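Colleague: Using the working numbering, you'd call the opening residue of the sequence shown number 7 and step up by one each time.
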Amino acid sequence: MLKILSSQGPRQSADFLNENLSDIQSQKTTWLISDLKSKLEIQKLLLSKSEFLNAESVLRASELWRLLLFRVNPEWQIVSREFAISLISQYLKDLRTDELQSLSLETKFFQAENQGFANTIYNYITQLMPA
Numbered sequence: 007m008l009k010i011l012s013s014q015g016p017r018q019s020a021d022f023l024n025e026n027l028s029d030i031q032s033q034k035t036t037w038l039i040s041d042l043k044s045k046l047e048i049q050k051l052l053l054s055k056s057e058f059l060n061a062e063s064v065l066r067a068s069e070l071w072r073l074l075l076f077r078v079n080p081e082w083q084i085v086s087r088e089f090a091i092s093l094i095s096q097y098l099k100d101l102r103t104d105e106l107q108s109l110s111l112e113t114k115f116f117q118a119e120n121q122g123f124a125n126t127i128y129n130y131i132t133q134l135m136p137a
């Protein structure tokens with residue numbers, strides 16, 4: 007079951023956590039946190055209430071996406087932005103002219119060596135993917 011709790015801000019977060027941690031079992035609950043500071047604060051409070059903490063009990067959103075990605079297919083890898091742009095650039099260099107025309111790309115804008123074109127494609131791809 008998904009339960010969404012909202013904190014009013016950093017000053018009220020300690021009181022908020024103390025109120026909500028009392029009835030939650032830390033070993034069966036996963037907290038999804040927006041930032042590292044909140045994650046560390048919640049981990050500290052959970053550890054003060056129990057001797058150990060499950061590695062997946064407090065996750066940032068990006069960590070959750072990585073976890074889900076690797077559970078779907080453990081062979082997938084997350085690569086850096088620069089590496090992805092390099093792969094796109096290499097792929098574009100290998101494309102033949104007729105393939106470019108079938109993709110409706112204007113050849114005057116296409117230069118395989120042009121890093122800007124690979125950056126544009128990378129930006130389009132990342133808009134379609136989760137953060």
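We treat Cβ as the ideally placed atom computed from N, Cα and C, and that holds for glycine. Owing to the predicted nature of the structure, the values given are computational and were not obtained by experimental measurement.
Please list, in chain order, all residues of the same chain as PHE76 whose beta carbon is under 8 Å from its beta carbon, the five residues on each side excluded.
Modeller: By one-based count along the sequence shown, residue 76 stands at place 70. Around PHE76: TRP82.
Colleague: Using the Cβ count rule (16 or more neighbours within 10 Å means buried), how would you classify ALA67?
Modeller: One-based indexing of the sequence shown puts residue 67 at position 61. Under this definition ALA67 is an exposed residue.
Colleague: At the level of alpha carbons, what is the spacing between THR126 and TYR97?
Modeller: For the purposes of this step, residue 126 is taken as residue 120 along the sequence shown, with counting starting at 1. For the purposes of this step, residue 97 is taken as residue 91 along the sequence shown, with counting starting at 1. Roughly 14 Å separates the two Cα atoms.
Colleague: Ordered along the chain, which non-local residues of its own chain (more than five positions away) have a Cβ less than 6 Å from that of ALA118?
Modeller: As a working mapping, residue 118 is identified with position 112 in the sequence shown. With a pLDDT of 45 at ALA118, under the threshold of 50, the modelled position of that residue is not reliable, and the figure given next carries that caveat. These residues qualify, in order along the chain: LEU98, LYS99.
Colleague: Can you list the alpha helix (DSSP H) stretches of 4 or more residues lying completely in the stretch 37-98, in chain order?
Modeller: With a minimum length of 4 residues, the continuous alpha helix (DSSP H) runs that stay inside the stretch 37-98 are 42-55, 67-78.
Colleague: What's the gap between the Cα of ALA62 and the Cα of ASN129?
Modeller: For the purposes of this step, residue 62 is taken as the residue at position 56 of the sequence shown. For the purposes of this step, residue 129 is taken as the residue at position 123 of the sequence shown. According to the sequence as given, residue 62 is Glu; it is not Ala. When rounded, the distance between both Cα atoms is 30 Å.
Colleague: If you reduce the DSSP assignment to three classes, tell me which class THR126 lands in.
Modeller: Within the sequence shown, the letter at position 120 stands for residue 126. Here THR126 sits in helix by DSSP.
Colleague: Using the beta-carbon count (16 or more within 10 Å), is LEU38 buried or exposed?
Modeller: For the purposes of this step, residue 38 is taken as residue 32 along the sequence shown, with counting starting at 1. Exposed is the call here.
Colleague: Where does SER54 land, buried or exposed, given buried means 16+ other C-beta within 10 angstroms?
Modeller: As a position in the sequence shown, residue 54 is number 48, starting the count at 1. Per the 10 Å Cβ criterion, exposed.
Colleague: Determine the contact status of ILE91 and ARG72, defining contact as a CB-CB distance below 8 Å.
Modeller: In the sequence shown, counting from the first residue as 1, residue 91 sits at position 85. In the sequence shown, counting from the first residue as 1, residue 72 sits at position 66. In this structure, ARG72 does not lie closer than 8 Å to ILE91 by Cβ.
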